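Counting along the sequence shown from 1, when you hit position 24 you're at 23 in numbering that gives the first Met the number 0, and nothing is skipped either side.
What follows is a set of notes on a single structure, which appears directly below.
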Amino acid sequence: MVDNEKISNKFILSSDDKVLDFVTGIPYKISNKENYIDNWGNNHGSQPCLSPENHPPGHSKYLRQLWVFKESSRSRKYKILSIGNRNYLDSWGGYNEAKLYMNLTNYSPQSPCYSRQLWSFYPTFNSNTTELQIYNERNNCLLDTWGKSNGSYIYFCSHLNKPFADNFSNQAWKFIRTSDYKLNAVISNFKYSPVEGNINRREKIEKITREDTLDNLASVAKITTSFNFQEELINTYSFSFNESLDFISETKLIIVIPFMNIEKELNFKYSFESRKPTKIVKKETCTINKTVEVPPKSHVKAIDYNDFMENVKMAFEATAEITATGDRYKNDGTIIENAQVDSDAVKLFLKENNFQGKRIRSEGNSVMAEVHGTFSGSYVTKTHRKLEDVSI
Numbered sequence: 000m001v002d003n004e005k006i007s008n009k010f011i012l013s014s015d016d017k018v019l020d021f022v023t024g025i026p027y028k029i030s031n032k033e034n035y036i037d038n039w040g041n042n043h044g045s046q047p048c049l050s051p052e053n054h055p056p057g058h059s060k061y062l063r064q065l066w067v068f069k070e071s072s073r074s075r076k077y078k079i080l081s082i083g084n085r086n087y088l089d090s091w092g093g094y095n096e097a098k099l100y101m102n103l104t105n106y107s108p109q110s111p112c113y114s115r116q117l118w119s120f121y122p123t124f125n126s127n128t129t130e131l132q133i134y135n136e137r138n139n140c141l142l143d144t145w146g147k148s149n150g151s152y153i154y155f156c157s158h159l160n161k162p163f164a165d166n167f168s169n170q171a172w173k174f175i176r177t178s179d180y181k182l183n184a185v186i187s188n189f190k191y192s193p194v195e196g197n198i199n200r201r202e203k204i205e206k207i208t209r210e211d212t213l214d215n216l217a218s219v220a221k222i223t224t225s226f227n228f229q230e231e232l233i234n235t236y237s238f239s240f241n242e243s244l245d246f247i248s249e250t251k252l253i254i255v256i257p258f259m260n261i262e263k264e265l266n267f268k269y270s271f272e273s274r275k276p277t278k279i280v281k282k283e284t285c286t287i288n289k290t291v292e293v294p295p296k297s298h299v300k301a302i303d304y305n306d307f308m309e310n311v312k313m314a315f316e317a318t319a320e321i322t323a324t325g326d327r328y329k330n331d332g333t334i335i336e337n338a339q340v341d342s343d344a345v346k347l348f349l350k351e352n353n354f355q356g357k358r359i360r361s362e363g364n365s366v367m368a369e370v371h372g373t374f375s376g377s378y379v380t381k382t383h384r385k386l387e388d389v390s391i
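So this is what it looks like as structure tokens:
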């Protein structure tokens, strides 16, 4: 395992192979009854302690309480790395009632000390949170406070306390995610269908935008006249999503507007609330180059029109590619700020935000999801020109 490689973001599995709501490679605090495991500013060969202080970001002691989980070579077994001193939690050869230690050495699978740094998790689920009992692979014991708190060491206990036991809470640990993240979405592949009751409401209207009178009465030859002018088009689009996207920081829509064959890219620096339309008024300037042939002995009027669609309303199904950025860590414990996280972390963030869209698949760092909504708008679909004879 190379030290400068990123720790992968994978869902942590419990000892009985359940997928837990935690991922490797992002930082957590580990707490028991509002006391936090703290490296106490110490290093190799020392013992972490319990602190009642929940140090906030920016505090000089904040990193002492941050821990990252790493996959090991053994299924459902993990290493726990301190961000503050880059030491690993280690049973140090101790057993029942022994203290928990920190070790700067990252033992390889070939080392006889490897299993001292391997941990598995026994979850207890309730309506609000998941509490975990933390089991050491080497000594077959669990982390236990033995009823102690502020400034005390963390110990091992050979007995697995049951959830209904009075001393269960001594072994009940919570993992609290500390890192911020930003979710982004690119929504494309729009497929439209009519909204019931709206089919007869939309209208296609021709709007005159320019008239030119061309006189060729005095000539026996045809003349060719070219026009080059700019025209401002005002188009209105509105999008409403059935699924709430209010947790998305930035959204890009890559969309082919109904009844047009032109792909548009629309960027939003804000999020979409469920079933709340977001309206866009686009003022677009287009340059029009036209050539008109006027027959001999004729007097014609060249009229430019816009085909304008009014009151369009269409239901859509689309594909959202959702990614996230946040703090990630390398195998040596160094931080990578605002890095793209792996798809399991994206899935976790979507679950935390109660995303209701249907997840289709994962691709690299992305989660692909199916979303639905309604498009409405009034807009120009094309421009065209007609020639009319003018009676003199």
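Note that beta-carbon positions come from the ideal geometry of N, C-alpha and C, so glycine has one too.
These figures come from a predicted structure and were not determined experimentally.
8 Å Cβ cutoff met for residue i and residue j
i      : j      : result
Pro162 : Leu19  : no
Phe240 : Val366 : no
Phe174 : Leu244 : no
Asn364 : Thr322 : yes
Pro294 : Asn227 : no
Thr382 : Tyr269 : no
Ser119 : Ser14  : yes
Ile29  : Arg176 : no
Asn324 : Ala338 : Rather than Asn, the amino acid found at residue 324 in this sequence is Thr. Yes, they are a contact pair.
Ala344 : Asn31  : no
Ile6   : Asn330 : yes
Pro55  : Leu99  : no
Ile279 : Tyr236 : yes
Gln229 : Thr284 : yes
Val299 : Leu213 : yes
Residues near residue i in its chain [Cβ-Cβ closer than 6 Å; skip 5 each side]
i      : result
Leu103 : His43 and Asn86
Pro108 : Ser72
Lys281 : Asn234
Thr250 : Ala184 and Phe267
Gln355 : Glu242
Cys34  : Before going on, a small fix: residue 34 reads as Asn here, not Cys. Closer than 6 Å at the Cβ level, and outside the excluded window around Asn34, lie Leu49, Pro51 and Ser148.
Lys206 : Asn305 and Phe307
Ala171 : Glu130
Thr373 : Ser239 and Ala314
Arg115 : Asp89, Ser90 and Arg137
Glu336 : Asp326
Selection from the options that minimises the alpha carbon distance to residue i
i      : options                           : result
Leu117 : Thr129, Arg73 and Pro51           : Arg73
Ile256 : Leu142, Ser192, Ser13 and Arg360  : Ser192
Lys60  : Ile82, Gln46, Val194 and Arg137   : Ile82
Ala301 : Val311, Asn310, Leu349 and Thr290 : Thr290
Asn188 : Ile253, Pro56 and Met313          : Ile253
Tyr113 : Trp91, Phe120, Leu99 and Ser50    : Trp91
Ile133 : Asn227, Arg176, Asp211 and Lys78  : Lys78
Asn149 : Lys98, Glu52 and Lys181           : Glu52
Asn135 : Thr129, Lys346 and Asp143         : Asp143
Tyr180 : Ile11, Phe348 and Ile6            : Phe348
Lys76  : Leu62, Lys206, Gly57 and Thr23    : Thr23
Leu182 : Ser218, Val340, Leu80 and Val219  : Val340
Glu4   : Tyr328, His54 and Asn160          : Tyr328
Thr333 : Ile36, Leu62 and Lys385           : Leu62
Asn139 : His158, Lys296, Leu213 and Phe124 : His158
Ser218 : His58, Arg358, Thr128 and Ser297  : Ser297
Glu70  : Ile36, Phe167, Ser225 and Asn105  : Asn105
Val194 : Lys312, Lys346 and Arg358         : Lys312
Met21  : Arg360, Arg358 and Glu351         : According to the sequence as given, residue 21 is Phe; it is not Met. Cα-wise, what sits closest to Phe21 is Glu351.
Gly146 : Asn169, Gln229, Lys385 and Gln64  : Asn169
Trp66  : His58, Ile36 and Tyr94            : Ile36
Ser248 : Phe271, Leu232 and Glu231         : Phe271
Asp326 : Lys17, Tyr27 and Asp16            : Tyr27
Tyr94  : Gln64, His58 and Leu141           : Leu141
Ser392 : Asn288, Arg209 and Phe246         : Because the chain here runs from 0 to 391, residue 392 falls outside it and cannot be looked at.
Arg384 : Phe124, Ser110 and Arg209         : Arg209
Sequence-distant residues of the same chain with beta carbon closer than 7 Å to residue i, five excluded per side
i      : result
Glu292 : Lys221 and Thr223
Glu96  : Tyr154 and Phe155
Arg274 : Ser239 and Asn241
Glu316 : Lys190, Glu369 and His371
Glu362 : none
Phe167 : Asn160 and Lys161
Bridge partners - residue i, DSSP secondary structure assignment
i      : result
Trp145 : Answer is none; Trp145 lacks a bridge partner.
Arg327 : Ile335
Ser192 : Ala314
His383 : Tyr304
Phe124 : Thr129
Glu262 : Val255
Tyr152 : Cys48
Below-8 Å beta-carbon distance, residue i vs any chain B residue
i      : result
Phe307 : In the displayed structure, chain B is absent; only one protein chain is listed.
8 Å Cβ shell around residue i - same chain, five flanking residues per side excluded
i      : result
Met101 : Asn38, Asn41, Asn42, His43, Gly44, Ser45, Gln46, Pro47, Ser81, Asn84, Asn86, Tyr87, Leu88 and Asp89
Glu262 : Ile253, Ile254 and Val255
Ile359 : Thr318, Met367, Ala368 and Glu369
Asp16  : Arg75
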